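Engineer: Going by this note's numbering, the sequence shown opens with residue 222, and the numbers climb by one from there.
Note that CB positions come from ideal geometry on N, CA and C, so glycine has one too.
Every value quoted in this text rests on a predicted model; they were computed, and no experiment measured them.
Quick one: the structure is below, questions incoming.
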Amino acid sequence: MASHSLHASSLGFSALRKFQPTRPSKGTASRRGEYLKLLIYTSLFIPPEITDRIIAAAAGIHRQTLLSCSLVCHNWVPASRFHLFNWVSIGPTKYDVFVDMVLHSESMHLWLAHVYVFSLDDGDAGGAAGDSQEERNDSPTPSREVGGPRTGTQRFVHDFAGHLPNLLELWLSHADWTRHSPHPSAYILFGCFTSVRRLVLEHCHFPSFAGVRRMLTALPRLDDLRLSNVEWPHTECAAAVPAHPARPSLVVLMMHASSPKGCTTCLLAWLASTPTKGSMREVEFYDDAWTEWHFEFLRAVAGALTSLEEPTLLDLQSLLVCDFPALRKLGLLLQAGDSDEWHDLASVLRQLRARHLQHIILYNVPARSSVPAAARMDDGRQEEDVYKGLELLDPVFDFEDGDLNLKALETVEFVVYRDRRDSASERQLLSAIESKLPKFKTRGKLVVRCQCDSVPSSDDVSVS
């Protein structure tokens, strides 16, 4: 889907500039009302194609505003519905409503051709889908009995097969297909979604890996797979897998959160035997501990890989035997952020064979002080310099020796996790980091991005 931006000055009309709300803005509801007044006012003077652009801008501001636009007048309905149907998100209680009012409606069915992203969440409809398999098996009172009605994610492939001709992304969340055995054709019917490029599975449980394999191979254009807490029975993973399947041919693979190691091993071992081995470009593994198959898979795809996200230093040390001739972006997850870790990072980067590396992201970078401000005031302790040793990276970023070369490096980004009470601004943190890397500062770009605890602050911006 294309993103839209709109500025009054770019449209070349004065009505927007002359319009003044009757009351000052007070809250979201007031701003939304003023925006609708603006649309009504300008619709008297502006051609429909300009109004369509304004409605497109509303699509990127607030979905409720877009819904209100569709109710203003008949002329606004087509543009409003076009953007409303670009991204469809359905919860566990709304699936039947959507089927009745859209899929089975002669007038509304046509808008399915404008659906580019379809997100379906079973939520609690299929039981405790967010629980692990062991927790579900041990539960004495499941939320519904095995063999109950099929959930939305199971019915979706049968109901919408062939009705979403331009669907690009399919998101399935909290799908538990173990409580009701899917119809044998369910996995194969994914092949009817011929335009899907990205498949996102979150907190999903399947009765077998064979079914997951059929699902992935059925999608003819799938090249982006993103998984978070996806699992199936571990014992089934050892079953025979067809040699050299024709699909999938993935370009992007992201695996977040902790799926059972047996499931991860099974999936990566299978993907290494598919065309994915030669097509893979971007990999992101966000797991507590990598298995041997994480490393085996990365060694198999290292030659064409352009982006590798979130290995730890220890993980990266196991990959130093690999040559990454195409790697452009590397994201590293720091563990301690102390002087020893900066020393280890400098050592690893000197040995990394990535001649074209342009962008390094360091996650979990500590703030300037590891001693709380209150403690410093109480007992007079000095602020601890957690960036001590960071200066060891400055000569490394200019390192060139045979196949080892970081001369192409353009950007180093520090993602800083800090306590909400820490008053250090991003500019202050950037200044502290720049003082440690004076040589790279003159030829490259340093970026600091702050996150407070697990929730980003409202004023997070990148500073360079």
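(1) Using a threshold of 8 Å, state whether the C-beta atoms of leucine 614 and leucine 566 are closer than that.
(2) Could you tell me which residues DSSP puts in a beta bridge with valine 309?
(3) Going by other Cβ atoms of all chains shown within 10 Å of its Cβ, with 16 needed for buried, is asparagine 450 buried or exposed?
(4) Any idea what DSSP makes of asparagine 450, helix, strand or coil?
(5) Fully enclosed by the region 497-535, which beta strand (DSSP E) runs are 3 residues long or longer?
(6) Can you find the residues in the same chain that come closer than 6 Å, C-beta to C-beta, to aspartate 273, ignoring five residues on each side of it along the sequence?
(7) Taking just the CA atoms, how far does valine 542 sit from phenylalanine 339?
(8) From glutamate 655 to phenylalanine 516, what distance separates their C-alpha atoms?
(9) Note down, in chain order, each residue of its chain lying with its Cβ closer than 7 Å to the Cβ of glutamate 452, except the 5 sequence neighbours on either side.
(10) In chain order, what residues of the same chain lie with their CB nearer than 8 Å to the CB of leucine 553, ignoring the 5 residues before and after it?
(11) Determine whether the beta carbon atoms of leucine 611 and phenylalanine 618 lie at a separation below 8 Å.
(12) CB-CB under 7 Å to leucine 389, same chain, minus the five flanking residues each way: which ones, in chain order?
(13) Looking at methionine 475 and arginine 447, is the spacing between their C-beta atoms short of 8 Å?
(14) Assuming leucine 437 contacts tryptophan 392 (C-beta within less than 8 Å), just tell me the rounded distance between them.
(15) Return the CA-CA distance between serine 394 and histidine 477, expressed in angstroms with no decimal places.
(16) Just verifying my parser: in three-state terms, what is the DSSP assignment at proline 659?
(17) What did DSSP end up calling cysteine 543 once you bin it into helix, strand or coil?
(18) For the beta strand (DSSP E) containing glutamine 672, name the first residue and the last one.
(19) What are the partner residues of aspartate 397, as DSSP defines its beta bridges?
(20) By how many angstroms is the C-alpha of proline 469 removed from the C-alpha of leucine 492?
(21) With glutamate 327 as the anchor, note down where its alpha helix (DSSP H) starts and where it stops.
(22) How big is the Cα-Cα spacing for serine 528 and glycine 499?
Structural biologist: In brief:
(1) Translated into the one-based positions of the sequence shown, residue 614 becomes position 393. Translated into the one-based positions of the sequence shown, residue 566 becomes position 345. Yes, the Cβ-Cβ distance between leucine 614 and leucine 566 is below 8 Å.
(2) Taking the first residue of the sequence shown as position 1, residue 309 is located at position 88. DSSP, once it has assigned bridges, lists Phe339 as partnering valine 309.
(3) What you label residue 450 is simply residue 229 of the sequence shown in a count that begins at 1. Counting the other Cβ atoms within 10 Å of the Cβ of asparagine 450 gives 16 or more, which makes it buried.
(4) In the sequence shown, counting from the first residue as 1, residue 450 sits at position 229. In this structure, asparagine 450 counts as strand in the three-state DSSP scheme.
(5) 503-507 and 528-533
(6) In the sequence shown, the residue the question calls residue 273 occupies position 52. Excluding residues within five positions, the ones whose Cβ falls inside 6 Å are Ala300.
(7) To locate residue 339, count along the sequence shown from 1; it is residue 118. To locate residue 542, count along the sequence shown from 1; it is residue 321. Using only the alpha carbons, I get a separation of about 41 Å.
(8) Against the sequence shown, residue 655 aligns to sequence position 434. Against the sequence shown, residue 516 aligns to sequence position 295. Roughly 34 Å separates the two Cα atoms.
(9) Residue mapping note: residue 452 aligns to position 231 of the sequence shown, counting from 1. Closer than 7 Å at Cβ, skipping near neighbours: Gln354, His426, Ser480, Pro481 and Cys484.
(10) The residue given as residue 553 occupies position 332 in the sequence shown. The answer, listed in chain order, is Glu531, Pro532, Thr533, Leu534, Leu537, Leu566, Ile581, Ile582, Leu583 and Tyr584.
(11) Residue numbering aside, residue 611 sits at position 390 when the sequence shown is read from its first letter. Residue numbering aside, residue 618 sits at position 397 when the sequence shown is read from its first letter. Contact flag unset, no.
(12) Counting from 1 along the sequence shown, the entry for residue 389 is found at position 168. Hits under 7 Å: Tyr337, Val338, Ser416, Val417, Arg418 and Arg419.
(13) Working through the sequence shown from its first residue, we reach residue 447 at position 226. Working through the sequence shown from its first residue, we reach residue 475 at position 254. Yes; because the gap between Cβ atoms is below 8 Å, this pair is in contact.
(14) Along the sequence shown, read from residue 1 onward, the residue named residue 437 stands at position 216. Along the sequence shown, read from residue 1 onward, the residue named residue 392 stands at position 171. That belief does not hold up - the Cβ atoms of leucine 437 and tryptophan 392 are roughly 15 Å apart, past 8 Å.
(15) Walking along the sequence shown from the start, residue 394 turns up at place 173. Walking along the sequence shown from the start, residue 477 turns up at place 256. Computed Cα separation, rounded: 14 Å.
(16) Counting from one through the sequence shown, the residue named residue 659 turns up at place 438. The answer is helix: DSSP assigns proline 659 an H, G or I state.
(17) Position 322 of the sequence shown holds residue 543. Cysteine 543 falls in the coil class under three-state DSSP.
(18) For the purposes of this step, residue 672 is taken as the residue at position 451 of the sequence shown. Glutamine 672 -> beta strand (DSSP E) spans 666-673.
(19) The residue given as residue 397 occupies position 176 in the sequence shown. Aspartate 397 is bridged to His426.
(20) To locate residue 492, count along the sequence shown from 1; it is residue 271. To locate residue 469, count along the sequence shown from 1; it is residue 248. For leucine 492 and proline 469, the distance between alpha carbons rounds to 8 Å.
(21) Reading the sequence shown from its first residue, position 106 is the one you call residue 327. Unbroken run through glutamate 327: none, as it is neither H nor E.
(22) In the sequence shown, the residue the question calls residue 528 occupies position 307. In the sequence shown, the residue the question calls residue 499 occupies position 278. Approximately 14 Å, taken between the alpha carbons.
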